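Taken in order, these protein sequences are the chains called A and B.
The first sequence lines up with residues 1 to 211 when you count with the numbering used here.
The second sequence lines up with residues 1 to 338 when you count with the numbering used here.
Glycine residues also receive a C-beta, built at the ideal position from the N, C-alpha and C atoms.
Note that the structure is a prediction, hence the values are computed from the model and not measured.
Heads up: the structure comes next, in structure tokens.
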Amino acid sequence: MPDDLRHLYLARRPLLQQVAVSLDQETREALLHVPHIDRIAFRVKGVDSFLAKAADASNQPMYTAPLVEIEDQIAGRVIVFHLDDIGVVLDTLKGTFNAVERYRRRPEKDAEFGYESEHFIATLPPQVLPDAWSDREDLPTTFELQVRTIFMHAYAEPQHDLAYKAVGDLPREIRRELAWIAASAWGADQAYERIARWAATQASLKQPEPE
Amino acid sequence: MELFRVHAYSVSPLRTLDVDAGVPPAGGAVRITASLRAAMETNSADANQAARFPVDFAVDPATRTNEIRELVLDFAFGEASTATAAGRSLAHRLAGAMDRRSLPCLFVPTALREDDKRRVVLWIFPREEAFRLRTAAAESTLEVLSNVFSQKSTHRKAATFQGRHSRSDFLKGRVLDHQANQISRDVADFWIDRFLLCKLSLQAEAGTRLLAKTLKKALEQCEEPADREQLYNSMLAIRTSPRPRISLATFAKRYLGGAASEAFLRSAPNVESRDALFDFRQDTFDTVLQFRVFHLDSGVFVSAPLEEVGESVRVNPKTRELSCSGIIIAEQARARHA
Numbered sequence: 001m002p003d004d005l006r007h008l009y010l011a012r013r014p015l016l017q018q019v020a021v022s023l024d025q026e027t028r029e030a031l032l033h034v035p036h037i038d039r040i041a042f043r044v045k046g047v048d049s050f051l052a053k054a055a056d057a058s059n060q061p062m063y064t065a066p067l068v069e070i071e072d073q074i075a076g077r078v079i080v081f082h083l084d085d086i087g088v089v090l091d092t093l094k095g096t097f098n099a100v101e102r103y104r105r106r107p108e109k110d111a112e113f114g115y116e117s118e119h120f121i122a123t124l125p126p127q128v129l130p131d132a133w134s135d136r137e138d139l140p141t142t143f144e145l146q147v148r149t150i151f152m153h154a155y156a157e158p159q160h161d162l163a164y165k166a167v168g169d170l171p172r173e174i175r176r177e178l179a180w181i182a183a184s185a186w187g188a189d190q191a192y193e194r195i196a197r198w199a200a201t202q203a204s205l206k207q208p209e210p211e
Numbered sequence: 001m002e003l004f005r006v007h008a009y010s011v012s013p014l015r016t017l018d019v020d021a022g023v024p025p026a027g028g029a030v031r032i033t034a035s036l037r038a039a040m041e042t043n044s045a046d047a048n049q050a051a052r053f054p055v056d057f058a059v060d061p062a063t064r065t066n067e068i069r070e071l072v073l074d075f076a077f078g079e080a081s082t083a084t085a086a087g088r089s090l091a092h093r094l095a096g097a098m099d100r101r102s103l104p105c106l107f108v109p110t111a112l113r114e115d116d117k118r119r120v121v122l123w124i125f126p127r128e129e130a131f132r133l134r135t136a137a138a139e140s141t142l143e144v145l146s147n148v149f150s151q152k153s154t155h156r157k158a159a160t161f162q163g164r165h166s167r168s169d170f171l172k173g174r175v176l177d178h179q180a181n182q183i184s185r186d187v188a189d190f191w192i193d194r195f196l197l198c199k200l201s202l203q204a205e206a207g208t209r210l211l212a213k214t215l216k217k218a219l220e221q222c223e224e225p226a227d228r229e230q231l232y233n234s235m236l237a238i239r240t241s242p243r244p245r246i247s248l249a250t251f252a253k254r255y256l257g258g259a260a261s262e263a264f265l266r267s268a269p270n271v272e273s274r275d276a277l278f279d280f281r282q283d284t285f286d287t288v289l290q291f292r293v294f295h296l297d298s299g300v301f302v303s304a305p306l307e308e309v310g311e312s313v314r315v316n317p318k319t320r321e322l323s324c325s326g327i328i329i330a331e332q333a334r335a336r337h338a
């Protein structure tokens, strides 16, 4: 079964890749006039990552048709400067994508620090689908987009890479180190947010009087 | 796929009426005869030939739910009693979405199956009056039938949703609705928005950008001045059109012909996007196209690429006077402005 699934996933990956390129372009055009965008990137899920997710018993209920059901086969990320920019990006993207789900990933307990990101799942719009898409019934109908600040990203990416390489549970000291990085990133975002608001006030004071 | 479930309800408008004053929908499951199966297959084939466009259920992003989607899933996958309750709820919701301008209609939800997949097609056929001639040796009679429903009317509507019973299926569908681009928003929104609780799959901003980009590509492909002029005129015409809901295919049909139309449709990114309806946004269109159109008090329209404003096209910011200079390379007499 996994071999079949691997084969099936690899066979359709070029189609997914085409959609990822079109979604990237759509997102860039939609956000063209939105300030404070650091970067936009889309990717197609790697085959090993896809197979691991399809077989992950912690997904309840388990996927019965993972080729259709796994929603981050095509996923994108928008990295912004400040916390307030996240809402601006999501509101702007409403004019381009139909959202089916939106949620904030953050630690459950107030005293914890860890991964934070805004997740947005939307249906694939008609203009990004290659003509060969309609010939198949085993393709996803949705994609995932994450919107986060530079500091959220600075914590999440190395942490994901390190945790992926770890064997077994992380030792207590390592978990405390990661929590310290997450707390520092959270604090930096809060500080930048205060500075950005101060800068906006200053800019409004500099506006010339209308004639 | 095998047709395994057909319900039929007679539905009259209940919107804007007191619930007690209206006639509640009546009907339920019907037996699938060979002739009914053949009729529904013909209707589906006809609907596929007609312009159909993609829609998405307007799902609440916090709960990932949509009332109509849940009823459609119940109708597709539920036991007979669950499907009956879902069919009845859909009929009631339809009556609640119809006002006095809507004709009483026959609402026919159908379900088809293949393995673990289902397809649900929701139909409405408007009521019409018809004659029935009975011939007999002694005396022929002509009977007026008032409880008949038209399968061919342009007021018939359909919506198709399909997939497995999963959180990522039954989110998108295709719709047949000849009134969806009516000038009256109330009429246009009845089937998609008020009843189905759906949105157009091609969102307003994205659709308008797509139109502008397709026009730009078509302009690059057309070398004949007459074809280019058609494209320029179409850009002006859409900006003032009273019908803000359009698709690339309708745009080509309404404003273009010959080589210009072919180049335009060839420039669309895919077949799917040609029929996709969207709500036109003038400000987005102008921004992407980078054209500015000036309407002068003399009745003259001046259309200028953005980079020419301030160069060969000058506007005095205080008096709002416009001056333009250049050498005419083509001209044409017209009955009216595009």
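Residue 104/B is a Cβ neighbour of residue 12/B, given a cutoff of 7 Å. The C-beta of residue 328/B has fewer than 16 other C-beta atoms within 10 Å across all chains shown, which makes the residue exposed. Spanning the alpha carbons of residue 188/A and residue 57/B requires a straight line of approximately 39 Å. For residue 68/A, the chain B residues whose Cβ falls inside 9 Å of its Cβ are 163, 164, 166, 168 and 169, in order along the chain. Listed by position along chain A, the residues whose Cβ is nearer than 7 Å to that of residue 189/B form an empty set, because the closest Cβ is around 16 Å away.
Annotation for residue 81/A: no beta strand (DSSP E) segment contains it, and DSSP assigns it neither H nor E.
Around the beta carbon of residue 109/B, 16 or more other beta carbons lie within 10 angstroms, which makes this residue buried. The C-beta of residue 198/A has fewer than 16 other C-beta atoms within 10 Å across all chains shown, which makes the residue exposed. Contact with chain B is absent for residue 27/A, since none of that chain's Cβ atoms lies less than 7 Å from the residue's Cβ. When only Cα atoms are considered, residue 159/B and residue 50/A end up about 33 Å apart. With respect to the C-alpha of residue 162/A, the residue from 44/A, 67/A and 175/A having the closest C-alpha is 175/A. Using a CB distance cut-off of 7 Å, residue 64/B counts as an interface residue toward chain A. Boundaries for residue 28/B: no alpha helix (DSSP H) harbours it, while the beta strand (DSSP E) harbouring it runs 26 to 29, taken from the DSSP string. Listed in chain order, the non-local C-beta contacts of residue 8/B below 8 Å within the same chain comprise 27, 28, 30, 106, 107 and 108, local neighbours out to five positions each way being set aside.
For the region 205 to 217 of chain B, the residues whose beta carbon sits under 7 Å from a beta carbon of chain A are, in order, 205, 206, 209 and 210. Interface residue (Cβ-Cβ distance to chain A less than 7 Å): residue 248/B is not classified as such. For residue 179/A, not one C-beta of chain B is nearer than 7 Å to its own C-beta.
The region 305 to 312 of chain B and the region 228 to 240 of chain B do not touch, with fewer than 3 CB-CB distances between them shorter than 8 Å. Of all residues in the region 254 to 278 of chain B, only 269, 270, 271, 272, 273 and 276 come within less than 7 Å of chain A when Cβ atoms are compared, listed by chain position. Against residue 129/A, the close residues of chain B are 270 and 272, in the order they occur along the chain (beta-carbon pairs closer than 7 Å).
Taking CB atoms only, residue 95/A has a neighbour in chain B less than 7 Å away.
In this model, residue 131/A and residue 190/A are separated by some 46 Å (Cα to Cα).
Less than 7 Å separates the beta-carbon of residue 247/B from that of residue 277/B. Judged by DSSP in its simplified three-state form, residue 44/A adopts strand.
Around residue 49/A, no beta-carbon contact reaches into chain B at under 8 Å, the shortest distance being about 18 Å.
About 24 Å separates the beta carbons of residue 54/B and residue 262/B, which is beyond the 8 Å limit, so they are not a contact pair. One Cα belongs to residue 110/A, the other to residue 186/A, and the distance between them is close to 12 Å. By the neighbour-count criterion, in which 16 or more other beta carbons inside 10 Å mark a residue as buried, residue 157/B falls on the buried side. At a cut-off of 7 Å, the C-beta of residue 121/B has no neighbouring C-beta in chain A.
Residue environment for residue 254/B: exposed (fewer than 16 other C-beta atoms within 10 angstroms of its C-beta). Taken through DSSP and simplified to helix, strand or coil, residue 101/A comes out as strand. For residue 61/B, the chain A residues whose Cβ falls inside 7 Å of its Cβ are 99, 100, 101 and 102, in order along the chain.
In this structure, residue 313/B keeps its C-beta atom at 7 Å or more from the C-beta atom of residue 303/B.
With respect to the 7 Å criterion, residue 100/A and residue 36/A are not classified as neighbours on the basis of their beta carbons.
Contact annotation: residue 73/A and residue 45/A have beta-carbon atoms nearer than 7 Å. Excluding residues up to 5 positions away in sequence, 1, 2 and 4 lie with their Cβ nearer than 7 Å to the Cβ of residue 113/B in the same chain.
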